[in-house]
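**Student:**
Residue numbers (the UniProt record's numbering): 1 to 540.
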């Protein structure tokens with residue numbers, strides 16, 4: 001893992017910092033604390049917006065698409081809605097007259113549930129702005145809850161009651177619990193291979209036992225107890241075919257099954273930290289679990305908890321208290337006890353290009369490195385202002401770009417010198433370089449241009465767009481360049497050769513309608529993948 005940025009202690013005043021990632025894309029990180037503000041940061045740690053609140057934030061979260069951030073406070077009946085696309089803030093009067101304590105977006109629908117300190121509930125339909133108040137859903141403060149994929153809402157409160165309601169707020173079932181309930185989740189306890197609906201509410205009782213309740217059989221819940229040596233349950237997560245991973249305060253991971261034949265049986269037990277465990281976070285998209293103890297963070301393979309993939313020591317923090325992944329698993333946030341927040345990059349896109357013994361590859365979100373297989377002393381790093389989506393390497397130049405914009409650099413002995421930038425008429429799919437020219441593929445067209453035009457004897461051959469008018473409505477699918485030729489394949493089944501010296505097409509080869517990929521492209525992808533995995537590269 002690589003550190004991306006750190007928010008120092010007391011960014012939100014004294015006390016801990018609370019944070020959440022934007023759903024789906026993970027482009028924004030939202031933080032709050034005791035200072036009655038919400039900060040919105042991009043993936044590089046630059047603050048994009050600050051929202052002042054009338055009280056301390058008591059709940060925040062993104063909707064399922066990551067388009068809207070919902071915020072509630074302890075001193076207002078208003079719901080604050082921040083639009084991630086326009087960065088505009090809207091306010092909705094909930095009509096509730098007691099303290100707002102819980103905010104939950106639905107997993108699949110446009111529904112938002114808000115609970116209060118007196119047990120009242122509001123279900124807000126974000127698209128239609130329809131509000132459905134349900135008074136007295138609970139007798140006391142609503143504390144935890146979860147939505148199912150089928151838009152059922154499970155809630156618990158200080159009255160030690162579990163309610164399951166539909167999206168209109170109608171109670172479907174209700175169960176009295178024996179002790180304090182926390183960490184409510186919805187999932188599927190498979191009774192047969194056909195079970196797919198989320199039919200089970202799970203929750204932790206008194207931080208010691210796990211309750212599993214089938215909402216269609218609420219009179220017969222499962223209550224699972226664990227060995228005393230594990231300590232208290234601090235977090236858990238459903239994954240795979242009905243498995244649950246639990247983290248315990250004494251440093252243990254425990255995996256159990258919920259299948260009827262071996263429900264509650266421990267499938268695996270691992271002591272991940274010797275002294276204690278502060279928190280765990282699971283990323284299902286990457287099949288990883290992160291844990292923290294004191295200032296140590298460990299990342300494990302979820303399918304093999306004996307496999308520690310990485311260990312990070314956060315030197316300037318006494319204790320990490322909270323972990324949270326972005327949905328795609330690219331970022332891991334770690335909140336410190338003193339209010340600091342550390343963000344780590346856990347994976348990079350496989351992006352690179354090679355030519356001869358040299359290769360260029362992404363080493364951070366905004367960092368490109370050029371190395372050599374045969375010359376270890378040749379090592380150059382370039383920081384850029386964008387997150388590149390394509391890289392091109394030539395004998396004397398490097399190009400990095402994003403969307404339809406490309407930046408050109410000259411390769412020196414120890415550094416790279418910026419030359420110029422260029423905007424194309426469409427999003428660049430790939431780019432190839434030789435000593436003089438850059439060829440960019442976009443929207444089925446190929447733009448050939450001279451890289452350095454000053455003091456050039458090729459003024460009459462500075463640029464050309466393929467296909468030309470004589471070729472008709474041909475779409476170019478792939479391309480490569482050599483010192484003498486531009487070569488490209490079309491959707492009509494032809495490979496075209498353009499001779500640079502004579503500035504003319506000289507050969508056409510028909511191979512049928514298919515997609516082409518040159519050996520150079522294959523080698524480039526293979527090298528980038530090998531480099532990202534840390535394996536040795538050979539030049540062929």
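The beta-carbon is built from N, C-alpha and C at its ideal position, and this holds for glycine as well. These numbers come from a predicted model, not from an experiment.
For residue 332 versus residue 393, is the C-beta spacing smaller than 8 Å?
**Tutor:** The count along the chain shown starts at 1 and reaches residue 332 at position 332. The count along the chain shown starts at 1 and reaches residue 393 at position 393. No, the pair does not count as a contact, with Cβ atoms beyond the cut-off.
**Student:** With H, G and I counted as helix, E and B as strand and the rest as coil, what does DSSP make of residue 309?
**Tutor:** Residue 309 sits at position 309 when you count from the first residue of the chain shown. DSSP places residue 309 in strand when its eight states are reduced to three.
**Student:** Hey, out of 235, 510, 283 and 54, whose CA is closest to residue 72's CA?
**Tutor:** On the chain shown, residue 72 is found 72 positions in, with the first residue counted as 1. Taking only the C-alpha atoms, the option nearest residue 72 is 54.
**Student:** Let's test the definition: count the other Cβ atoms within 10 Å of the Cβ of residue 434 and tell me whether it reaches 16, buried, or not, exposed.
**Tutor:** Counting from one through the chain shown, the residue named residue 434 turns up at place 434. By the neighbour-count rule (16 or more Cβ atoms within 10 Å), residue 434 is buried.
**Student:** If the criterion is Cβ atoms closer than 8 Å, does the pair residue 175 and residue 218 meet it?
**Tutor:** In the chain shown, the residue the question calls residue 175 occupies position 175. In the chain shown, the residue the question calls residue 218 occupies position 218. Yes.
**Student:** Under the rule that 16 or more other beta-carbon atoms within 10 Å means buried, what is residue 507, buried or exposed?
**Tutor:** Position 507 of the chain shown, counted from the start, is the residue given in the question as residue 507. Here residue 507 is exposed. Its C-beta has fewer than 16 other C-beta atoms within 10 Å.
**Student:** Determine the burial state of residue 318: buried for a count of at least 16 other Cβ atoms within 10 Å of its Cβ, exposed for fewer.
**Tutor:** Here the question's residue 318 lines up with position 318 in the chain shown. By the neighbour-count rule (16 or more Cβ atoms within 10 Å), residue 318 is not buried but exposed.
**Student:** Would you mind stating whether residue 137 and residue 151 have Cβ atoms separated by less than 8 Å?
**Tutor:** As a working mapping, residue 137 is identified with position 137 in the chain shown. As a working mapping, residue 151 is identified with position 151 in the chain shown. Contact: no.
**Student:** If contacts are defined as beta-carbon pairs under 8 Å, then residue 156 and residue 181 qualify, I think. What distance do you get, rounded to the angstrom?
**Tutor:** Locating residue 156 in the chain shown gives position 156, counting from the first residue. Locating residue 181 in the chain shown gives position 181, counting from the first residue. Rounded, the Cβ-Cβ distance is 4 Å, consistent with contact.
**Student:** Name the DSSP bridge partner or partners of residue 570?
**Tutor:** Outside the modelled stretch of the chain, which goes from 1 to 540, sits residue 570, for which no answer is possible.
**Student:** Quick one, which of 206, 316 and 197 has its alpha-carbon nearest residue 178's?
**Tutor:** For the purposes of this step, residue 178 is taken as residue 178 along the chain shown, with counting starting at 1. Ranking 206, 316 and 197 by Cα distance to residue 178 puts 206 first.
**Student:** What would DSSP say about residue 517, mapped onto helix, strand or coil?
**Tutor:** By one-based count along the chain shown, residue 517 stands at place 517. In this prediction, residue 517 scores a pLDDT of 48, lower than 50, which makes its location untrustworthy; no coordinate-derived value is stated.
**Student:** For the beta strand (DSSP E) containing residue 482, list its first residue and its last residue.
**Tutor:** Along the chain shown, read from residue 1 onward, the residue named residue 482 stands at position 482. First-last for residue 482: undefined, no H or E at that position.
**Student:** Does the Cβ of residue 503 have 16 or more other Cβ atoms within 10 Å, making it buried, or fewer, making it exposed?
**Tutor:** As a working note, residue 503 is residue 503 in the chain shown. When all chains shown are included, residue 503 counts as exposed.
**Student:** Return the CA-CA distance between residue 56 and residue 32, expressed in angstroms with no decimal places.
**Tutor:** Indexing the chain shown from 1 puts residue 56 at position 56. Indexing the chain shown from 1 puts residue 32 at position 32. Rounded to the nearest angstrom, the two C-alpha atoms are 9 Å apart.
**Student:** Within 8 Å, do at least three Cβ pairs link the region 32-49 to the region 6-22?
**Tutor:** yes
**Student:** Within the chosen definition, does the region 260-270 reach the region 311-328 through at least 3 CB pairs nearer than 8 Å?
**Tutor:** Per the Cβ contact rule, the region 260-270 is not in contact with the region 311-328 (fewer than 3 Cβ pairs under 8 Å).
**Student:** Taking the alpha-carbon of residue 443 as reference, which of 424, 236 and 375 has the nearest alpha-carbon?
**Tutor:** Reading the chain shown from its first residue, position 443 is the one you call residue 443. When only C-alpha atoms are compared, the closest one is 424.
**Student:** Pop quiz: residue 370 and residue 388 are said to be a contact at Cβ under 8 Å. What is the actual Cβ separation, rounded to whole angstroms?
**Tutor:** As a first step, residue 370 must be located in the chain shown, where it is residue number 370. As a first step, residue 388 must be located in the chain shown, where it is residue number 388. 13 Å between Cβ atoms; not a contact.
**Student:** Please report the Cβ distance between residue 328 and residue 26, rounded to the nearest whole angstrom; I am assuming they are in contact, meaning their Cβ atoms lie under 8 Å.
**Tutor:** Working through the chain shown from its first residue, we reach residue 328 at position 328. Working through the chain shown from its first residue, we reach residue 26 at position 26. The distance from the Cβ of residue 328 to that of residue 26 is about 6 Å, consistent with a contact at the 8 Å cut-off.
**Student:** Please report the straight-line C-alpha distance between residue 300 and residue 92, rounded to a whole angstrom.
**Tutor:** Looking up residue 300 in the chain shown gives position 300. Looking up residue 92 in the chain shown gives position 92. Going from the Cα of residue 300 to the Cα of residue 92 covers about 42 Å.
**Student:** Taking the CB atoms as reference points, tell me whether residue 357 and residue 322 lie closer together than 8 Å.
**Tutor:** By 1-based counting over the chain shown, the position of residue 357 is 357. By 1-based counting over the chain shown, the position of residue 322 is 322. Against a cut-off of 8 Å, the Cβ pair of residue 322 and residue 357 comes out as no contact.
**Student:** Check this for me: beta carbons of residue 247 and residue 16, under 8 Å apart or not?
**Tutor:** Indexing the chain shown from 1 puts residue 247 at position 247. Indexing the chain shown from 1 puts residue 16 at position 16. Contact: no.
**Student:** Can the beta-carbon of residue 237 be found less than 8 Å from the beta-carbon of residue 297?
**Tutor:** Counted from its first residue, the chain shown places residue 237 at position 237. Counted from its first residue, the chain shown places residue 297 at position 297. With respect to the 8 Å criterion, residue 237 and residue 297 are not classified as neighbours on the basis of their beta carbons.
**Student:** In the structure shown, what three-state DSSP assignment does residue 300 receive?
**Tutor:** The residue labelled residue 300 in the question sits at position 300 within the chain shown. In this structure, residue 300 counts as strand in the three-state DSSP scheme.
**Student:** Using the Cα positions of residue 352 and residue 412, report the straight-line distance between them to the nearest angstrom.
**Tutor:** Here residue 352 refers to the residue found at position 352 of the chain shown. Here residue 412 refers to the residue found at position 412 of the chain shown. Taking the straight line from one Cα to the other gives about 19 Å.
**Student:** Going by DSSP in three states, residue 207 sits in which element: helix, strand or coil?
**Tutor:** For this step, residue 207 is matched to residue 207 along the chain shown. Reduced to three states, the DSSP call for residue 207 is coil.
**Student:** Going along the chain, which residues of its own chain have a beta-carbon closer than 8 Å to the beta-carbon of residue 409, five neighbours each way excluded?
**Tutor:** Counting from one through the chain shown, the residue named residue 409 turns up at place 409. Non-local beta-carbon contacts of residue 409 in its own chain, meaning distances under 8 Å to residues more than five positions away in sequence, involve 382, 397, 398, 399, 400, 416, 417, 418 and 419 in chain order.
**Student:** From which residue to which residue does the beta strand (DSSP E) around residue 365 run?
**Tutor:** Residue 365 sits at position 365 when you count from the first residue of the chain shown. Run containing residue 365: none; DSSP gives neither H nor E here.
**Student:** So residue 100 packs on residue 58, CB below 8 Å; how close in whole Å?
**Tutor:** Position 100 of the chain shown, counting from 1, holds the residue named residue 100. Position 58 of the chain shown, counting from 1, holds the residue named residue 58. The Cβ separation is near 6 Å, so the contact holds.
**Student:** Out of 255, 490, 320 and 348, which one is the CA nearest neighbour of residue 473?
**Tutor:** As a first step, residue 473 is located in the chain shown; it is residue number 473 there, counting from the start. With distances taken between Cα atoms, residue 473 lies closest to 490.
**Student:** I'd like the ranges of any beta strand (DSSP E) spanning at least 3 consecutive residues and lying wholly in the region 320-355.
**Tutor:** 320-325, 331-336, 341-345 and 352-355
**Student:** Give the range of the beta strand (DSSP E) segment to which residue 449 is assigned.
**Tutor:** On the chain shown, position 449 is the one that residue 449 refers to. Where residue 449 is concerned, the enclosing beta strand (DSSP E) stretches over 445-450.
**Student:** To the nearest whole angstrom, what separates the beta carbons of residue 63 and residue 23, a pair I think is in contact under 8 Å?
**Tutor:** The residue given as residue 63 occupies position 63 in the chain shown. The residue given as residue 23 occupies position 23 in the chain shown. Their Cβ separation, rounded to whole angstroms, is 7 Å, which keeps residue 63 and residue 23 in contact under 8 Å.
**Student:** Pull the bridge partners of residue 487 from the DSSP assignment, please.
**Tutor:** Stepping through the chain shown from its first residue, residue 487 is reached at position 487. DSSP output for residue 487 lists 480 and 497 as bridge partner(s).
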